[in-house]
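Asks: Using our numbering, read the sequence shown as starting at 47 and increasing by one per residue.
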Amino acid sequence: MERDFSLPELMKGISQKMILDFEEITRKIPSPLERGESREIIVRSFLKDCLPKRFGVNPGFVIDASGNVSKKMDVVIYDVTNAPVFKVIDEVKVFPVECVCAIAEVKSYLDKKEMKDAMGKIQSVKRLDKTNRGKSRTAMINSMSPSIEGPRMYWIASCDEYTLECVRFQLTTT
Numbered sequence: 047m048e049r050d051f052s053l054p055e056l057m058k059g060i061s062q063k064m065i066l067d068f069e070e071i072t073r074k075i076p077s078p079l080e081r082g083e084s085r086e087i088i089v090r091s092f093l094k095d096c097l098p099k100r101f102g103v104n105p106g107f108v109i110d111a112s113g114n115v116s117k118k119m120d121v122v123i124y125d126v127t128n129a130p131v132f133k134v135i136d137e138v139k140v141f142p143v144e145c146v147c148a149i150a151e152v153k154s155y156l157d158k159k160e161m162k163d164a165m166g167k168i169q170s171v172k173r174l175d176k177t178n179r180g181k182s183r184t185a186m187i188n189s190m191s192p193s194i195e196g197p198r199m200y201w202i203a204s205c206d207e208y209t210l211e212c213v214r215f216q217l218t219t220t
């Protein structure tokens, strides 16, 4: 007899396992700092298991082309196929803002002070220049036809705050 697949039940099970892991950390690790770092590892591990392999998940800093650097983020999700990752020492990494897909902060306890801290860190990434000083907002990547008279195919890459879109279009002459 087949059971129907239930996404809510699957997510509930994952959530319960994560809660059990968090509770075990609370029982076994006396230092609040170490407990928080252990919870960050659990969240990053979960994301690494769930996301497609083209995405990397690490803690670190985000930098723009002007050299502005974010505050340290608990979770940086980046495109491994297009991102040079600059390793400063061991686990300290710096990611170009153009390659960052998402960021997150992990909090063991959330009150007004912790919420302001998390929002400040997230804002430090949002303030970065994602356009390479205006040079990479939109760029023509390829022209498929050498003939000016005939139809031409273009690929345009456009970056906005968190996405990179590629659009293919055709110009025709009359």
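All C-beta atoms in this analysis are idealised placements derived from N, C-alpha and C, irrespective of residue type, glycine included.
Just mark valine 134 as buried or exposed, buried being the case when its beta carbon has 16 or more other beta carbons within 10 Å.
Replies: exposed
Asks: Helix, strand or coil for isoleucine 135? Go by DSSP, reduced to three states.
Replies: Isoleucine 135: strand per DSSP, three-state reduction.
Asks: Anyone know if the C-beta pair for serine 116 and valine 171 falls short of 7 Å?
Replies: yes
Asks: Taking only runs of the alpha helix (DSSP H) that begin and end inside the region 75-109, which ones reach a length of at least 4 residues, in chain order?
Replies: 78-96
Asks: Taking the alpha carbon of aspartate 95 as the point to measure from, which residue in Ile123, Lys159, Ala164 has its own alpha carbon closest?
Replies: Ile123
Asks: Please report how far the alpha carbon of isoleucine 60 lies from the alpha carbon of phenylalanine 68, in whole angstroms.
Replies: 12 Å
Asks: Looking at C-alpha atoms only, which residue of Met57, Leu56, Lys139 is the closest neighbour of isoleucine 109?
Replies: Of Met57, Leu56, Lys139, the residue nearest in Cα terms is Lys139.
Asks: Would you say serine 112 reaches chain B, if we count a Cβ-Cβ gap shorter than 7 Å as a contact?
Replies: The chain labelled as chain B is not found in the depicted structure, where only one protein chain is given.
Asks: Anyone know if the C-beta pair for valine 143 and leucine 174 falls short of 7 Å?
Replies: yes
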